[in-house]
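Keeping their order, the protein sequence lines are chains A and B. Residues 1 to 355, numbered by the working numbering, are exactly what the first sequence covers, in order. Residues 356 to 710, numbered by the working numbering, are exactly what the second sequence covers, in order. By construction, the Cβ of each residue, glycine as well, lies at the ideal position given by its N, Cα and C atoms. The structure appears below as structure tokens.
There are 2 protein chains.
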Amino acid sequence: MSEQLAPGSVIGILGGGQLGRMLSVAAARIGYRTHVYEPSANPPAADVAHKVTTAPYEDEVALRAFAASVDVITYEFENVPTSALDLLESLRPIRPNRRALATSQDRLLEKDFLTSIGLTTAPYAAVSDAKSLGAAMARIGTPAILKTTRLGYDGKGQARILSAADAPAALAAMKGTPAVLEGFVTFSREVSVIAARSLSGEVAAYDPGENVHRDGILHTTTVPARLSPAERTDAVLLAARILNALDYVGVMGVELFVTDRGLVVNEIAPRVHNSGHWTQNGCAVDQFEQHIRAVAGWPLGDGARHANVEMENLIGDDVLRVSELARQKNTAIHLYGKAEARPGRKMGHVNRILT
Amino acid sequence: MSEQLAPGSVIGILGGGQLGRMLSVAAARIGYRTHVYEPSANPPAADVAHKVTTAPYEDEVALRAFAASVDVITYEFENVPTSALDLLESLRPIRPNRRALATSQDRLLEKDFLTSIGLTTAPYAAVSDAKSLGAAMARIGTPAILKTTRLGYDGKGQARILSAADAPAALAAMKGTPAVLEGFVTFSREVSVIAARSLSGEVAAYDPGENVHRDGILHTTTVPARLSPAERTDAVLLAARILNALDYVGVMGVELFVTDRGLVVNEIAPRVHNSGHWTQNGCAVDQFEQHIRAVAGWPLGDGARHANVEMENLIGDDVLRVSELARQKNTAIHLYGKAEARPGRKMGHVNRILT
């Protein structure tokens, strides 16, 4: 416990979106202040952070001042430029560590890492040009999906290849950046494990949630997921293996496909995760506090679930339903304070306590 | 619904203590910003409020600027000076209204109001000097308790009178301010009803909680309270009668004594209340959000309780137990970010979900 941050310490958060907003609230709840670093003006986290720096990740002066004002640095956004991280890491501890970030920033590195520790992923192959794409398709077959190795999320930076005829357009969509071809996995459902590892190495995991996507964006997560007891155990052990292998500190989201041949890892996110928002209304310690606890050197909360919950994202105009949702029983509304409801934009979410 | 505040609107909060802090978080959760007005520097709410004004309640320029920057004004602290409220009320709506505030600011007015709507209070009489104290004691008897009519809380501004010999010292302790003598009520337990009334007049109440005090300060609140079904119904109806009579908008805490002859109103607080903190971990919509909903013109949340909860205050050095509490199951820790743990100071609270 010697490394536990003193009350009133400041936790620096890279990224000021809704995850940074909810991390700030959780930090305040257990007695810490947050300083959010975000390039764009008036980010969602600014409403609740103690301090906000608005500066690009290339601004060395701003980065140094940010580091000087905080006790530890974490992030809500995994695509922070390497140069910024190099500088920050020389000044303050970054949790989760750089290796976890680097691994999850690159789909190819991530799959190589996962297979190296004995886990199953979709069949995959690196693609850099037409020749390597041809070789990858020959091995993996179609349908398959071509993804940039870096910087894609919520369905962006991806192209489906249903037959060989789709290959040239898919390759063109990658715009010359390194890519990875992934085979399709036949799965009955997708689940997420939200797991955490503390500074002293303890691991805790929440009950897996079952995810439904719509238009490539998470639509609902429901707990408990429909899993056999063996699958439930496998899911949690598998997440723990990932966290331990990375010497991870903080919360990670692990997306899994449930298949006839066991669990297949879809992807990992080295941060709090949309599919863990249900914990806000189903657990005494939610994923945001769990992350702050880990980063601040606290013991982890036990993650026990005291209610069944369905989380539904409010995307774009969904937020117009708030007046109606506000009248529903056992319904907790969480809005992110974003002014403009653009299509595909995550505006908030709803947690329904299922009784 | 026409009066519902638009997303991104600003709610002004008078007072920056822990209640203002938790109100700010609740406001952010449903898409609003808060501007906290507080005379003392670095108040607990400053960590999570969008904006903070540090100025005395006598600073007319600061009050005007505050009002100009907000859409509606509420308070976490009922002893705001009348002059400040007069000015603010001319500029922006204040919810709950001035009558509720004036009534609860004065113990004598409060008891007169409660009896005027048919509710039972402890026997009481106004005391201004030795003569009126003598008359009051002759009517009410001893033991009794002498309290200043204004500005007392958590046991301050009170003196017990066990026999006639205590009268002079008790009167001296009032320091010449108007006071009220209250007879003792023989009660089996104290319960609180946390109730809310919306702008459109709907009323919702949480399950009553059972309070235990220590050294005159709330120690624990446990839900459900040990009440008969009839008592439970009475408690809620009685709270609704108070809210309706005051044309109240917001959350109110109503403290009740459970006696052989029915429920006796101890006192009312025109704000979120320490005995309602359990709702943070027992309900989809907690008392803080319920208050913000009312003040912002939303429909009320239904207040249904999905878990049994025990709330325990962390007073002074209790906060040193946090490391130990952090390891307990189903335990939610709430700290207020106060630097110094003085004796009697509310540093945080713990909600235990009872399973």
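Suppose you measure from the CA of residue i to the CA of residue j; what does that come to, to the nearest Å?
i, j, result
"Tyr392(B)", "His349(A)", "30 Å"
"Ile647(B)", "Leu14(A)", "29 Å"
"Ile145(A)", "Thr259(A)", "18 Å"
"Glu60(A)", "Glu89(A)", "13 Å"
"Ser40(A)", "Pro362(B)", "20 Å"
"Met1(A)", "Gly371(B)", "Caution is warranted here: a pLDDT of 42 is assigned to Met1(A), below 50, making its placement in the model unreliable, and the coordinate value is therefore given only provisionally. Those two C-alpha atoms are separated by around 31 Å."
"Val25(A)", "Leu114(A)", "33 Å"
"Met607(B)", "Val650(B)", "12 Å"
"Glu210(A)", "Val285(A)", "20 Å"
"Leu108(A)", "Ala195(A)", "22 Å"
"Glu667(B)", "Ala687(B)", "10 Å"
"Thr233(A)", "Gly250(A)", "21 Å"
"Leu360(B)", "Asp318(A)", "18 Å"
"Val127(A)", "Ala136(A)", "7 Å"
"Thr458(B)", "Arg271(A)", "49 Å"
"Arg64(A)", "Asn685(B)", "39 Å"
"Val425(B)", "Thr148(A)", "46 Å"
"Arg697(B)", "Pro398(B)", "15 Å"
"Arg261(A)", "Phe187(A)", "9 Å"
"Met702(B)", "Ile572(B)", "13 Å"
"His334(A)", "Val254(A)", "23 Å"
"Lys111(A)", "Ala122(A)", "9 Å"
Does residue i come within less than 8 Å of chain A when only Cβ atoms are used?
i, result
"Ala600(B)", "no"
"Arg388(B)", "yes"
"Glu636(B)", "The question names Glu, but residue 636(B) is Asn in the sequence shown. Closer than 8 Å to some Cβ of chain A, the Cβ of Asn636(B) qualifies, so yes."
"Asp689(B)", "The residue asked about is misnamed: residue 689(B) is His in this sequence, not Asp. Yes, contact with chain A."
"Asn668(B)", "no"
"Gly327(B)", "The displayed coordinates of chain B run from 356 to 710. Any statement about residue 327(B) would go beyond what the structure contains."
"Lys684(B)", "yes"
"Pro362(B)", "yes"
"Val427(B)", "no"
"Gly370(B)", "no"
Using beta carbons (cut-off 8 Å, strictly below), is residue i in contact with chain B?
i, result
"Ala326(A)", "yes"
"Lys346(A)", "no"
"His277(A)", "no"
"Asp47(A)", "yes"
"Ile117(A)", "no"
"Ser323(A)", "yes"
"Ile217(A)", "no"
"Arg29(A)", "yes"
"His349(A)", "no"
"Val25(A)", "yes"
"Thr355(A)", "yes"
"Gln18(A)", "no"
"Gln4(A)", "yes"
"Gly12(A)", "no"
Residues in the same chain with beta-carbon distance under 6 Å from residue i, minus the five sequence neighbours each way, listed in chain order, please.
i, result
"Gly375(B)", "Ile368, Val391, Ala400, Glu431"
"Ala525(B)", "Leu501, Ala514, Ile516"
"Ala62(A)", "Thr53, Ala55"
"Thr34(A)", "Ile11, Ile13, Ser24, Ala27, Ala49, His50"
Which of helix, strand or coil does DSSP assign to residue i?
i, result
"Ile242(A)", "helix"
"His277(A)", "coil"
"Glu415(B)", "helix"
"Met22(A)", "helix"
"Ile647(B)", "helix"
"Thr53(A)", "strand"
"Gln158(A)", "strand"
"Gly134(A)", "helix"
Once the 5 residues before and after residue i are set aside, which same chain residues still bring their CB inside 8 Å of it?
i, result
"Pro81(A)", "Tyr57, Glu58"
"His568(B)", "Glu545, His574"
"Ile423(B)", "It is worth fixing the name first, because residue 423(B) is Ala in this sequence and not Ile. Result list for Ala423(B): Leu446, in chain order."
"Asp402(B)", "Arg376, Gly692"
With a CB to CB cut of under 7 Å and the five nearest residues on each side skipped, what residues in its chain are close to residue i?
i, result
"Ile449(B)", "Ile428, Leu440, Leu443"
"Val664(B)", "Val578, Trp633, Asn636, Gly637, Asn706, Arg707, Ile708, Leu709"
"Leu151(A)", "Asn79, Gly157"
"Gly141(A)", "Gly183"
"Ala245(A)", "Ile117"
Touching or not, the region 578-590 of chain B and the region 524-542 of chain B, by the rule of three or more beta carbon pairs under 8 Å? no
Pair every Cβ in the region 382-391 of chain B with every Cβ in the region 678-687 of chain B, then say whether three or more of these pairs are closer than 8 Å. no
Within 8 Å of chain E by C-beta, residues of the region 282-305 of chain A in sequence order: Of the protein chains in the structure, A and B, none is chain E.
Any contact of the region 587-606 of chain B with the region 619-638 of chain B, i.e. 3+ C-beta pairs under 8 Å? yes
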